[in-house]
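Engineer: Mind having a look at this structure? Questions to follow.
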Amino acid sequence: MIGSTIGHGATRYTYTAARQLIRVEKHDGIVYQPRAEMQYNGLGERMRMTGWDSGLSVTTTYVLDLTSRNGVLAATSGAQTTYYLYSGSGPIAERTNTWTYYLRDGAYTPRQMTDASGLVTLTRSYTPWGEVLTQSGNGNFTWGYFGGLMDVATGLIYVGGGQYYDPATGRFLTPANTNGPNPYVPWRGDFSSAMFGPVLLGIVLLRRRKGKYGKFDQFLLMTLLLVGLSTGLVACAQSPNPNGTGTPIAQPSSPPLTDTATPTAPLQQPTSMETATPAPTQTHTATPCPPTVMPTPTVDPTLLVTFSTAGTANWTEAEKNTIRGAAIDVALALSREINRDPTNETWVRAVGDDWPISPTQAFLRVYGGAVDFQRHSDDCTTALRNSTPPMLSKDGECGGWAFTWSTRLIWVFSNAEPSDVTGHPRWIVHEMGHAFENGTTQTRENGSTYKPGRDSLPADLLTRKDDYGFYGGFSDWQYSKDDADDVTGPGEIFADMFIGWVYDKWQVNAAGEIMPGGVERSNHMNSNMRTWIKLAMENHR
Amino acid sequence: MTKPFRIKFRNPVFRLTWSVLAWLLLVVGCQSPITPPASPGHTALPPTQPPTLPVSLASHTKTPLPTATPSLTPTFAPSATWTPLPTLLPTEAGALVLELLQNNAGCRLPCWWGFTPGKTTWEAARQFLASFATRIGQGGSGQFTENGIIYHTTNYSVFYEVVGEPERDETNYSLKNETIDVIQVGSGGTVLNYQLHQLLAAYGMPTEILLKTYTNTPENYLPFRLVLFYPQQGILAYYEYEAHKIGEQMQSCPQPLGPRLWLWSPEQETIQIADVDPPDTNQPLRPLEEVTEMDLQTFYQTFKNPNSGVCLETPVELWR
Numbered sequence: 001m002i003g004s005t006i007g008h009g010a011t012r013y014t015y016t017a018a019r020q021l022i023r024v025e026k027h028d029g030i031v032y033q034p035r036a037e038m039q040y041n042g043l044g045e046r047m048r049m050t051g052w053d054s055g056l057s058v059t060t061t062y063v064l065d066l067t068s069r070n071g072v073l074a075a076t077s078g079a080q081t082t083y084y085l086y087s088g089s090g091p092i093a094e095r096t097n098t099w100t101y102y103l104r105d106g107a108y109t110p111r112q113m114t115d116a117s118g119l120v121t122l123t124r125s126y127t128p129w130g131e132v133l134t135q136s137g138n139g140n141f142t143w144g145y146f147g148g149l150m151d152v153a154t155g156l157i158y159v160g161g162g163q164y165y166d167p168a169t170g171r172f173l174t175p176a177n178t179n180g181p182n183p184y185v186p187w188r189g190d191f192s193s194a195m196f197g198p199v200l201l202g203i204v205l206l207r208r209r210k211g212k213y214g215k216f217d218q219f220l221l222m223t224l225l226l227v228g229l230s231t232g233l234v235a236c237a238q239s240p241n242p243n244g245t246g247t248p249i250a251q252p253s254s255p256p257l258t259d260t261a262t263p264t265a266p267l268q269q270p271t272s273m274e275t276a277t278p279a280p281t282q283t284h285t286a287t288p289c290p291p292t293v294m295p296t297p298t299v300d301p302t303l304l305v306t307f308s309t310a311g312t313a314n315w316t317e318a319e320k321n322t323i324r325g326a327a328i329d330v331a332l333a334l335s336r337e338i339n340r341d342p343t344n345e346t347w348v349r350a351v352g353d354d355w356p357i358s359p360t361q362a363f364l365r366v367y368g369g370a371v372d373f374q375r376h377s378d379d380c381t382t383a384l385r386n387s388t389p390p391m392l393s394k395d396g397e398c399g400g401w402a403f404t405w406s407t408r409l410i411w412v413f414s415n416a417e418p419s420d421v422t423g424h425p426r427w428i429v430h431e432m433g434h435a436f437e438n439g440t441t442q443t444r445e446n447g448s449t450y451k452p453g454r455d456s457l458p459a460d461l462l463t464r465k466d467d468y469g470f471y472g473g474f475s476d477w478q479y480s481k482d483d484a485d486d487v488t489g490p491g492e493i494f495a496d497m498f499i500g501w502v503y504d505k506w507q508v509n510a511a512g513e514i515m516p517g518g519v520e521r522s523n524h525m526n527s528n529m530r531t532w533i534k535l536a537m538e539n540h541r
Numbered sequence: 001m002t003k004p005f006r007i008k009f010r011n012p013v014f015r016l017t018w019s020v021l022a023w024l025l026l027v028v029g030c031q032s033p034i035t036p037p038a039s040p041g042h043t044a045l046p047p048t049q050p051p052t053l054p055v056s057l058a059s060h061t062k063t064p065l066p067t068a069t070p071s072l073t074p075t076f077a078p079s080a081t082w083t084p085l086p087t088l089l090p091t092e093a094g095a096l097v098l099e100l101l102q103n104n105a106g107c108r109l110p111c112w113w114g115f116t117p118g119k120t121t122w123e124a125a126r127q128f129l130a131s132f133a134t135r136i137g138q139g140g141s142g143q144f145t146e147n148g149i150i151y152h153t154t155n156y157s158v159f160y161e162v163v164g165e166p167e168r169d170e171t172n173y174s175l176k177n178e179t180i181d182v183i184q185v186g187s188g189g190t191v192l193n194y195q196l197h198q199l200l201a202a203y204g205m206p207t208e209i210l211l212k213t214y215t216n217t218p219e220n221y222l223p224f225r226l227v228l229f230y231p232q233q234g235i236l237a238y239y240e241y242e243a244h245k246i247g248e249q250m251q252s253c254p255q256p257l258g259p260r261l262w263l264w265s266p267e268q269e270t271i272q273i274a275d276v277d278p279p280d281t282n283q284p285l286r287p288l289e290e291v292t293e294m295d296l297q298t299f300y301q302t303f304k305n306p307n308s309g310v311c312l313e314t315p316v317e318l319w320r
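Which chain is which? The protein sequence lines are A and B, in order. No gaps in the numbering here: position 135 of the first sequence is 135 in my numbering, and each next residue is one more. No gaps in the numbering here: position 262 of the second sequence is 262 in my numbering, and each next residue is one more.
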């Protein structure tokens, strides 16, 4: 344990043998009171933190992007989840209820925060060591100096890799478990590379002074200068800034195992990298190395979905982006489900895919290829009366936004205006739930077919009364009113449960605890999706 | 325990009366802060006023820690535990439920069926509920610390049949250290006594009224959601009606439907709108005054009259 003088205001830090900070306490003049407790995963990244204030505790659980080291993708406390959006160089926005954007300086420290309209809502300045100097406006920065995560409970800044910085002292508490901005190890990159150029230059100069190689030395000198300079720059780019003014959180770790993407905030927001609007960067402060901008590996949404039209219809770019974003969410959920169980490796390889399976591979295998969204200028009634085969009788009517024909074809009707599509990405996921179910179709011995997703639903789940088990109501987290009384009801309920499964969102009470109906739906999906995914993958072998 | 009574009293009215009395005797016998639940043989005189149930000693208010995402921490329950303990015949259970829905065991909200949030222990409630529930399911559990006291939280849903209703109904009980903290009542349980005009007449003008609607949905159904918030009384009512697009207005007329109710002790708990309407919905709830031409007083005076014939209107453009 390390501590300052015992007495009022003293801080006590508790570490594990692996030098991970697990507890912070403050002395109140009588005893030490807990301020925070942290838990880490096997890679030393912080997964959970509990903070105390006035005796009340709040635990936040983090979803991390371990492949790109972008850091925290989402933070959940109770029923509230905040999603973070990144550019290649670090966090640029966050969303709890609405999006807010960071305006950062050249050292990637957020200086201002804006709302979605660009209005500056919060301004902050710092001392040279990262303490808040002045602040005006409303709200709070999640990210602080170095682009690190600011822990209000402790006053520390978490910079990733299990490492904390204390702006009050201008010191890091621990060395990093991976490359990081750490004064204990000032240059964690390829030190030899960085020194290669100057050393060679020195050798050449020394040799030239002896005149052994005459004019030839000038050519050698220039060559070695170039080599030295380039290797030095490479080392510089690959290493964290020694003064911590680089981009610690955006550092790449080991080569990514799978492609990945930032999960979307599940609501009418940019859902893929290409739709994200980066916040403008502000003035630059001096840094020894140019900022490292490492692209985040992403799912290429153009591989997942295609767009076609019928009649005079057109897709808007905003619609396309919404659909692509929803497809990415589905792809991430599919690969997550498959990869979470190591015993899946055998059958994943058996169907010819790599292990661990990438989101793109998982999606394309499950759906048998890209899913085509076809925009119709006709409304639902006209399109389905005239379809081949006709899906509506001559006097039949429908008001639906879409019809999913197969695993890979979804019609979208004029009933859905562009703002409906862009405003309801979860409805896209609902339709992809139908498409998924189509891909799992099985044939009985008598030749009839069935869909295991809907057929397996227990009677208790064939209801929507009071949104039973669903996270939200119709047009929020459910996109049908059908239930067991209707022939199509179970299929619609399955598609809405597919939304819940993709985002892992189920009905909660006022305290944010999952309610029994949510437990029931969640358990049903979590215990069966692996089997259904296998069925779909084998159907598309 | 109940069999001799059934033999003795063949008249269903007597049976019902005895069922209610037996329950009241049971819960009155639990009036000690940390007393274990009453034994089946416990006897007492029936109360003449809403029953008082075991009181939790804990008293506290939530003070969120100013972090990026403040809230309490849920712990996911890996599986639901169903406890089917019916001890009444279906007809008896149905009659008892009907009696409770009609009279609410003689108590006023936020008391529900004699259970008072912040006071009644779950064990006392469970013993009574299990006598007629079709099943009881447990949801997620969690733990938090407040003023140095560790609180364990969990929630149970109690399912029951309502005579004449095609679908079962559900009431959820959120517990804090085994005491009922928040009660969430399904809409089937409120249709008799808590329709819009009834709630307004009985509980007065709400502190806040919010609503939201949609102008287009994937089916020919436009929801219209209306929230009446009584924070000082520990009541939140969430109505869902159907809306219609008429010209440039979204219109919805109160229907004979019950709300979902959230009930809590205002002295011991704080419930906010965000607790009942998750922030990640496609439309936020918005204050009545912002989206209609009505103010709270006009709304109250208009809709406490069941025959007002007035409908709520809000401009379509606000909900696109």
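Just so you know, even glycine gets a beta-carbon here, dropped at the ideal spot from N, CA and C. Small disclaimer: the values here were computed from a predicted structure and weren't measured.
(1) Just to confirm, are S141 (chain B) and T120 (chain B) a CB contact at a threshold of 8 angstroms?
(2) Taking C-alpha atoms, which residue in A:P458, A:S136, A:T100, A:Q33 lies nearest to N147 (chain B)?
(3) Given this structure, state the Cα-to-Cα distance separating I323 (chain A) from V421 (chain A), to the nearest angstrom.
(4) Secondary structure at N155 (chain B), three-state DSSP: helix, strand or coil?
(5) Provide the residue span of the alpha helix (DSSP H) that contains K320 (chain A), from first to last.
(6) Do you know whose CA, among A:M432, A:A350, A:L384, A:G29, lies nearest T310 (chain A)'s CA?
(7) Specify the secondary structure class of V299 (chain A) as computed by DSSP and reduced to three states.
(8) Look at the Cβ atom of A93 (chain A), then the Cβ atom of Y101 (chain A), and state whether they are nearer than 8 angstroms.
(9) Skipping 5 residues on each side, what residues in its chain have a beta carbon closer than 6 angstroms to that of S157 (chain B)?
(10) List the residues of chain A that V182 (chain B) touches, going by C-beta distances under 9 angstroms, in chain order.
(11) Identify the contact partners of D516 (chain A) in chain B, using a Cβ-Cβ distance below 8 angstroms as the criterion.
(12) Along chain B, which residues have their Cβ under 7 angstroms away from the Cβ of W401 (chain A)?
(13) Contact check, L175 (chain B) vs V291 (chain B) under 8 angstroms by CB: the rounded distance?
(14) Please say whether S308 (chain A) and D379 (chain A) have beta carbons closer to each other than 8 angstroms?
(15) Could you check where the alpha helix (DSSP H) with H430 (chain A) kicks off and where it finishes?
(16) Kindly indicate which three-state DSSP category S480 (chain A) falls into: helix, strand or coil?
(17) Taking G517 (chain A) as the reference, which of A:F494, A:Y468, A:T109, A:S527 has the closest Cα?
(18) Considering L101 (chain B), what are the terminal residues of the alpha helix (DSSP H) in which it resides?
(19) Could you tell me whether the Cβ of W427 (chain A) comes closer than 8 angstroms to any Cβ of chain B?
(20) For the segment 396-422 of chain A, which residues have a CB atom closer than 8 angstroms to at least one CB atom of chain D, in sequence order?
(21) Residues of chain A with a CB under 7 angstroms from the CB of S187 (chain B): which are they?
(22) Are P91 (chain A) and W143 (chain A) closer than 8 angstroms when you measure CB to CB?
(23) How many Å lie between P342 (chain A) and M47 (chain A) at the Cα?
(24) Considering only the beta carbon of each residue, do S522 (chain A) and I514 (chain A) sit closer than 8 angstroms?
(25) For S77 (chain A) and S125 (chain A), what's the separation of their Cα atoms in angstroms?
(26) What ranges does the alpha helix (DSSP H) occupy inside the segment 233-279 of chain B, keeping only unbroken runs of at least 4 residues that lie completely in it?
(27) Note down, in chain order, every chain A residue with its Cβ under 8 angstroms from the Cβ of R320 (chain B).
(28) Residues of chain A with a CB under 8 angstroms from the CB of W262 (chain B): which are they?
(29) By Cβ distance, which residues of its chain are closer than 7 angstroms to L98 (chain B), with the 5 residues on each side in sequence left out?
(30) List the residues of chain B whose Cβ lies closer than 8 angstroms to the Cβ of K481 (chain A), in chain order.
(31) Quick check on DSSP: helix, strand or coil for L535 (chain A)?
(32) At 7 angstroms on the CB atoms, spell out the chain A contacts of D295 (chain B), in chain order.
(33) Does any C-beta atom of chain B lie closer than 8 angstroms to the C-beta of S192 (chain A)?
(34) Establish whether the CB of F144 (chain B) and some CB of chain A are separated by less than 8 angstroms.
(35) Any beta carbon of chain A sitting closer than 8 angstroms to that of P279 (chain B)?
(36) Given a limit of 8 angstroms on CB to CB distance, which residues of the segment 20-33 of chain A reach chain B?
Structural biologist: If we stick to the structure as given:
(1) no
(2) A:Q33
(3) 8 angstroms
(4) strand
(5) 317-339
(6) One point to set straight first is that residue 310 (chain A) is Ala, not Thr, in the sequence displayed. Considering only alpha carbons, the answer is A:L384.
(7) coil
(8) yes
(9) G137, E170, N172
(10) N509, A510, A511
(11) Note that residue 516 (chain A) is Pro in the sequence shown here, rather than Asp. Those within 8 angstroms of P516 (chain A) in chain B are A80, G137, Q138, G139, N155, Y156, S157, N172.
(12) P218
(13) No, L175 (chain B) and V291 (chain B) are not in contact; Cβ-Cβ is about 36 angstroms, not under 8 angstroms.
(14) no
(15) 425-439
(16) coil
(17) A:Y468
(18) 90-103
(19) yes
(20) Among the protein chains of the structure shown, namely A and B, there is no chain D.
(21) D466
(22) yes
(23) 21 angstroms
(24) yes
(25) 28 angstroms
(26) 273-276
(27) S419
(28) A510
(29) V163
(30) E219, Y221
(31) helix
(32) What D295 (chain B) touches in chain A: nothing, since even the nearest Cβ is about 26 angstroms away.
(33) Model confidence at S192 (chain A) stands at a pLDDT of 42, short of 50, so the residue's coordinates are unreliable and nothing is read from them.
(34) yes
(35) yes
(36) none
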